[in-house]
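Novice:
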Amino acid sequence: MTDPTRHIHAPGDAERRVGELIGPARHLRVESACREASVLADMLAGSDRRIDAIMEQLPDRIEGAVGRAMAASHQLTAEQHQWVLLAIQREAQSIRLRQAIIEKTLAGLVWAAVVGLGALVYHGAVDYLQTTLRPKP
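Residue numbers (full-length UniProt numbering): 1 to 137.
The structure is reproduced here in structure tokens:
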């Protein structure tokens with residue numbers, strides 16, 4: 001191995017010699033950094049390809065999972081299905097009954113108002129006739 005200080009005669013020579021020794025090392029570091037960057041870029045591109053592939057498969061995977069879940073879900077027996085239908089019918093009847101009660105109540109209130117108005121007119125007319133047709137003393 002050669003002595004790295006053998007060509008140094010003046011202070012400026014030392015700086016030049018350090019530059020000569022560091023130059024190749026700097027070049028190696030740049031090459032190493034470029035290789036690392038290239039490897040990282042390849043890894044990133046590979047990750048992008050995997051993500052793209054997964055995104056393309058995602059709808060099919062979701063559809064399959066939902067299909068399996070639906071197939072494994074509890075299906076109603078014939079008796080349970082009949083009970084559900086009867087419960088729906090019973091609820092529909094209950095709604096119709098409530099509507100009928102409301103309609104009849106409103107109709108009753110309207111008739112009561114008509115009868116009350118008629119009674120008021122009748123009593124008013126009778127009172128008027130009694131006061132106007134009564135002999136005056």
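Ideal Cβ placement from N, Cα and C applies to all residues, glycine included.
Here the structure is a predicted model, which means the values were calculated and not measured.
(1) According to DSSP, is residue 180 part of a helix, a strand, or is it coil?
(2) Quick test of your reading: V66 and L76, contact by CB under 8 angstroms. State the CB separation rounded to the nearest angstrom.
(3) DSSP state of L76, grouped into three classes?
Specialist: In terms of the structure at hand:
(1) Because the chain spans 1 through 137 in this model, residue 180 falls outside it and cannot be assessed.
(2) The beta-carbon separation of V66 and L76, rounded to 19 angstroms, does not stay under the 8 angstroms limit for a contact.
(3) In the three-state reduction of the DSSP assignment, L76 falls in the coil class, being assigned neither a helical nor a strand state.
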